[in-house]
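Notes for the one structure printed next.
2 protein chains.
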Amino acid sequence: MPELRKDPIIGRWVIISTERGKRPHDFVVEPEVTKGGFCPFDEGNEHTTPPEVLAYRAPGTEPNTPGWQLRVVNNKFPALATEGELDRAGEGMFDKMNGVGSHEVIIESPNHEITLSSIPLDGFFRVLKAYRERIVALSEDPRFRYVLIFKNQGRAAGASLEHSHCQLIALPIVPELVQEELSGGKFYYNYKERCVFCDMISQELQQQTRVVLQNEEFLAICPFAPRSPFEMWILPKQHFSSYVDMQEESFRLLAEIFSETLKRLEKALGQVPYNFILHTAPIREPQLNYYHWHFEIVPKLTLIAGFEWGSGFYINPTPPEDAAKYLRELTL
Amino acid sequence: MPELRKDPIIGRWVIISTERGKRPHDFVVEPEVTKGGFCPFDEGNEHTTPPEVLAYRAPGTEPNTPGWQLRVVNNKFPALATEGELDRAGEGMFDKMNGVGSHEVIIESPNHEITLSSIPLDGFFRVLKAYRERIVALSEDPRFRYVLIFKNQGRAAGASLEHSHCQLIALPIVPELVQEELSGGKFYYNYKERCVFCDMISQELQQQTRVVLQNEEFLAICPFAPRSPFEMWILPKQHFSSYVDMQEESFRLLAEIFSETLKRLEKALGQVPYNFILHTAPIREPQLNYYHWHFEIVPKLTLIAGFEWGSGFYINPTPPEDAAKYLRELTL
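These protein sequences, in sequence, are chains A and B.
Everything in the first sequence is counted per the numbering used here, starting at 33 for the first residue and increasing by one.
Everything in the second sequence is counted per the numbering used here, starting at 33 for the first residue and increasing by one.
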C-alpha cells in the first residue's frame with residue numbers, strides 16, 4: 033500500500049510508493065515514450081487497458097470496444113490504491129495515512145497522431161466536459177478531498193506515452209500549492225472583501241499588456257510574476273471557485289480559448305514540452321468567495337527546475353509583457 | 033534593470049530579467065556545458081572572470097593571479113544588478129521592486145577535473161568557510177535580507193560550466209520555501225515550545241531508520257517526507273538558526289559528513305545530477321528558537337519536476353528508509 037506522508041515543517045504531503053524495488057536502478061523512473069509499435073490507447077486495443085470508468089461513444093457500441101471519442105480508464109500503474117481506508121496515524125512527531133486515491137488516464141482521442149493543440153474543437157470540448165464529470169463522480173467518495181487534473185505534454189514534461197492523454201488523481205489531501213492559494217486568497221479577502229483573482233482579472237483587462245486572448249467568458253494571460261517564460265493562465269472572467277460550477281455550454285468557449293492558447297504556444301516555441309494543471313477548489317466545498325478556479329500552463333523551457341523547486345525561488349528571463357505581446361501578435 | 037515581482041495570490045517573489053532579447057529563441061535558456069577547450073575558472077585564466085571578492089591563496093600572491101585554492105567572483109551574467117536602490121512600488125494591485133542583489137560564483141578549486149565529491153577535505157572545508165565569510169560580508173548591505181547558496185551539479189541540474197563551482201545570490205527578499213519553513217517552524221514552536229527540527233533530529237536519532245551518517249556535531253538523513261528519491265538533509269545536531277553562528281572548527285566535521293554523503297550518493301547512483309541548497313535564517317536576524325539551518329541535497333532522477341513544481345505535489349517511488357539503508361550500507 034502506498035503511503036501519504038506529511039513534511040512536519042511546512043506541512044506538504046507527498047506520496048511514497050512502497051510497491052517498487054529496493055535497489056537504486058529500480059528507483060530511477062525514466063519515462064519511456066513509445067514511438068510506433070503497439071499503443072494501448074489506440075482504437076481496437078481497448079482490452080489492453082483497465083476497463084473504462086467513463087466514455088463518450090457512438091450509440092449502441094459496447095463499453096471497452098471501438099466506437100469511442102474519449103475514454104477515461106484507471107492508470108495501469110497507479111500511484112495510489114483505490115481500495116482501503118485512510119487509517120491516519122502518527123509515527124512519533126510525523127503524520128501519515130494510507131495512500132488511498134484514484135489515478136485515472138483521460139485518453140483524449142482514438143487518433144494516435146492528434147495532440148490537444150490539433151484536436152478539433154468538439155474534441156477539446158469533450159475533454160473539458162470529462163474533467164467535470166469525473167470530478168463530480170469522485171466527489172461522492174468521502175475519503176477524497178481533492179481532484180488534481182494535469183497534462184504532461186512531451187517527454188521532458190514527464191509524458192510516458194505518445195498518444196495524447198491527461199491524468200487525474202483523486203486525493204485525500206489538498207496539494208500544497210492549492211493550499212497556499214486558498215490561504216493567500218482568504219488573507220486577501222479578509223482585508224479587501226474582494227477575490228484576489230477577480231481583482232487581477234479586472235486589472236489585466238484594464239492594462240491589456242499581459243492579455244494573450246479573451247472571449248465573452250474567459251481570459252488567457254501571462255501572469256504578472258510568472259515562474260517560467262511563456263507561463264500562461266486561463267481564468268473565467270466571472271467568479272466561480274470550482275470547475276464543477278460551470279455550465280456545460282461554457283466549456284465550448286473554454287475549448288476555443290484553450291485550443292488557440294496551445295496553438296499560439298506551439299507556433300511560438302515549436303513542439304515545446306509543457307505541463308498544465310487545473311487549479312480548482314477542494315471537492316464538496318460550497319462556492320468560496322475567495323478562490324477562483326483556473327488553468328496554469330507551464331512550458332518546460334529551462335533545465336534548472338531542480339534548483340528552482342528546491343528553493344521556491346525563480347529566475348525568469350522573459351518579462352510576461354513581452355511573452356504576451358509575442359503570443360498575441362502571432363499570425364496562426 | 034531586472035525586476036523583482038510578487039505573485040499577488042501566494043506572495044512568491046520572482047526575478048524577471050529584462051535585459052535579454054525579445055524573441056522566443058532568445059528567451060530559451062539552455063545551459064551549455066563547456067567540455068574541453070578554454071575554461072575561465074582554470075588557474076591562469078583569472079583575468080577572464082570579474083575580479084575576485086574573496087580568495088584563499090598562497091601568501092604573497094596577488095589578487096586575480098595564480099596561487100589560489102578557492103576564489104569567489106561576481107557572476108559574469110548576473111541575474112541581479114549590484115548597484116541601485118530597491119524602489120519598492122505598486123502597479124495597481126501588484127508589487128514590485130528593482131532587481132538589486134549580488135550574484136556570485138564560488139570556484140571550489142583551481143583543478144578543472146575535481147568535483148565536490150572528490151575534493152580533499154581541506155578543500156571542502158574552505159568551501160564551507162567561504163559560504164560563511166560571504167554571508168557575513170553581504171549582511172553589511174542593508175538592502176539585502178537573504179543570502180541563497182546553492183550548487184547545480186551536472187547539466188540536467190542546471191550547471192552551465194563543467195569546472196566545479198557553486199553560486200550565491202544575495203536578495204532583498206526571503207525565498208518562498210524558506211519563508212514557509214520559518215512560518216511552519218514558528219507555528220510548531222508556538223504550540224510545542226520546541227524547535228521542529230530539533231524534535232525531528234531527536235526522533236531520527238532514536239529511530240535510526242532514516243539516518244545515513246552522523247558524527248559528533250552533524251546528522252545526514254533521508255527526510256520522512258522527501259520530494260525526490262534519495263533526497264538528503266544535513267543538519268547540525270545542536271540548535272543554530274543561522275549558518276553564520278557556527279564556529280570555524282565545526283566546518284571540519286561538516287566537511288567530513290558532507291563529503292562522505294556526496295561520495296555515497298555517487299556510489300549509489302553514478303554521476304547523478306543534483307542540486308543542494310543551504311537553508312539558513314534571513315541575515316541580521318538574532319538567533320531564532322524556531323528555525324534550524326540545514327542543507328537539502330536533491331538528486332535529479334525523474335523527469336517530471338515540471339508537473340511537480342507546478343502543483344506542489346510529489347510522487348516519490350523510493351521510501352526514505354530504503355534509500356537511507358542502501359546509502360548507509362554501501363562500501364565506499
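Every residue gets a Cβ at the ideal spot worked out from N, C-alpha and C, and that includes glycine.
Listed by chain order, chain D residues near residue i by CB distance under 8 angstroms
| i | result |
| --- | --- |
| B:Asn348 | In the structure shown, chain D does not exist; the protein chains are A and B. |
For residue j and residue i, believed in contact at Cβ under 8 angstroms, the rounded distance
| i | j | result |
| --- | --- | --- |
| A:Val137 | A:Gln199 | 6 angstroms |
| A:Val168 | A:Glu140 | The pair is not a contact, with the Cβ atoms about 19 angstroms apart (cut-off 8 angstroms). |
| B:His79 | B:Asn106 | Contact doesn't hold; Cβ gap of about 14 angstroms is too wide. |
| A:Ile146 | A:Ser196 | 6 angstroms |
| B:Leu285 | B:Glu248 | 6 angstroms |
| B:Pro255 | B:Leu301 | Not confirmed; about 17 angstroms, so no contact. |
| A:Leu214 | A:Arg296 | In fact, because the Cβ distance is near 30 angstroms, the residues do not count as touching under 8 angstroms. |
| A:Leu148 | A:Leu251 | No, A:Leu148 and A:Leu251 are not in contact; Cβ-Cβ is about 20 angstroms, not under 8 angstroms. |
| B:Glu208 | A:Phe345 | 7 angstroms |
Proximal residues to residue i (C-beta, below 7 angstroms), its chain only, five neighbours per side dropped
| i | result |
| --- | --- |
| B:Pro258 | Asn348, Pro352 |
| A:Arg120 | Met129 |
| B:Arg177 | Leu203, Pro204, Ile205, Val206, Pro314, Ile315 |
| B:Ser49 | Pro34, Ala111 |
| B:Arg89 | Gly99, Trp100, Gln101 |
| B:Asp354 | none |
| A:Gly131 | Met33, Pro34, Glu35, Leu36, Ile47, Leu112, Ala113 |
| A:Met125 | Pro40 |
| A:Glu292 | Leu245 |
| A:Glu236 | Arg242, Val243, Leu251, Ile253 |
Chain-ordered chain B contacts of residue i [CB-CB under 7 angstroms]
| i | result |
| --- | --- |
| A:Arg37 | Phe256, Ala257 |
| A:Phe345 | Leu180, Pro207, Glu208 |
| A:Glu78 | Chain B residues near A:Glu78: none, gap ~27 angstroms exceeds 7 angstroms. |
Contacts that residue i makes with chain A (C-beta to C-beta distance below 9 angstroms)
| i | result |
| --- | --- |
| B:Val228 | Pro40, Ile41, Met125 |
Separation of residue j from residue i, as counted between CA atoms
| i | j | result |
| --- | --- | --- |
| A:Arg268 | B:Thr312 | Just to set this straight, residue 268 of chain A is Pro in the shown sequence, not Arg. Going from the Cα of A:Pro268 to the Cα of B:Thr312 covers about 40 angstroms. |
| B:Ala87 | B:Arg103 | 4 angstroms |
| A:Arg175 | A:Ile201 | 13 angstroms |
| A:Cys230 | B:Glu263 | 39 angstroms |
| B:Gly69 | B:Gly99 | 22 angstroms |
| A:Leu180 | A:Ile47 | 14 angstroms |
| A:Phe182 | B:Glu317 | 40 angstroms |
| B:Phe308 | B:Asn184 | 7 angstroms |
| A:Tyr306 | A:Leu333 | 8 angstroms |
| B:Met232 | A:Glu212 | 24 angstroms |
| A:Pro110 | A:Glu75 | 22 angstroms |
| B:Gly342 | A:Leu153 | 26 angstroms |
| B:Ser260 | B:Thr350 | 8 angstroms |
| B:Val228 | B:Val244 | 20 angstroms |
| B:Ala162 | B:Val85 | 11 angstroms |
| A:Lys108 | A:Phe73 | 12 angstroms |
| B:Tyr223 | B:Trp325 | 21 angstroms |
| A:Leu359 | B:Glu123 | 23 angstroms |
| A:Glu115 | A:Arg166 | 18 angstroms |
| B:Glu117 | B:Phe219 | 34 angstroms |
| A:Pro83 | A:Ser274 | 28 angstroms |
Proximal residues of chain A, C-beta to C-beta of residue i below 8 angstroms
| i | result |
| --- | --- |
| B:Pro95 | Neighbours of B:Pro95 on chain A: none; closest Cβ ~29 angstroms, over 8 angstroms. |
| B:Gln235 | Gly124, Met125, Phe126 |
| B:Glu213 | Ile41, Ile42 |
Under 8 angstroms by beta carbon: chain B residues contacting residue i
| i | result |
| --- | --- |
| A:Met33 | Those within 8 angstroms of A:Met33 in chain B number zero; the least Cβ separation is about 12 angstroms. |
| A:Ile309 | Phe339, Gly342, Ser343 |
Residues near residue i in its chain [Cβ-Cβ closer than 8 angstroms; skip 5 each side]
| i | result |
| --- | --- |
| B:Lys357 | Thr241 |
| B:Lys299 | Leu362, Leu364 |
Where residue i meets chain A, residues with beta-carbon distance less than 7 angstroms
| i | result |
| --- | --- |
| B:Gly216 | Ile41, Ile42, Gly43 |
| B:Asp231 | Met125 |
| B:Ala111 | Ile347 |
Same chain only: Cβ atoms within 6 angstroms of residue i, ignoring 5 sequence neighbours per side
| i | result |
| --- | --- |
| A:Trp45 | Leu36, Lys38, Ile205 |
| B:Gln239 | none |
| A:Gly217 | Val228, Tyr322, Tyr323 |
| B:His135 | Asn107, Pro110, Ala111, Leu112, Ile201 |
| A:Ser282 | Glu249 |
| A:Arg304 | Reading off the sequence, residue 304 of chain A comes out as Val, not Arg. Around A:Val304: Pro331. |
| B:Gly155 | Ser141 |
Contact list for residue i against chain B, beta-carbon separation under 9 angstroms
| i | result |
| --- | --- |
| A:Gly92 | Chain B residues near A:Gly92: none, gap ~38 angstroms exceeds 9 angstroms. |
| A:Glu136 | Going along chain B, no residue has its Cβ under 9 angstroms from A:Glu136, so there is no contact; the nearest lies around 15 angstroms. |
Output needed in chain order: residues of the stretch 314-332 of chain B with a Cβ under 8 angstroms from some Cβ in chain A. Under the 8 angstroms Cβ criterion, the stretch 314-332 of chain B contributes Glu328, Val330, Lys332.
Given a limit of 8 angstroms on CB to CB distance, which residues of the stretch 131-164 of chain A reach chain B? Residues passing the 8 angstroms Cβ filter: none.
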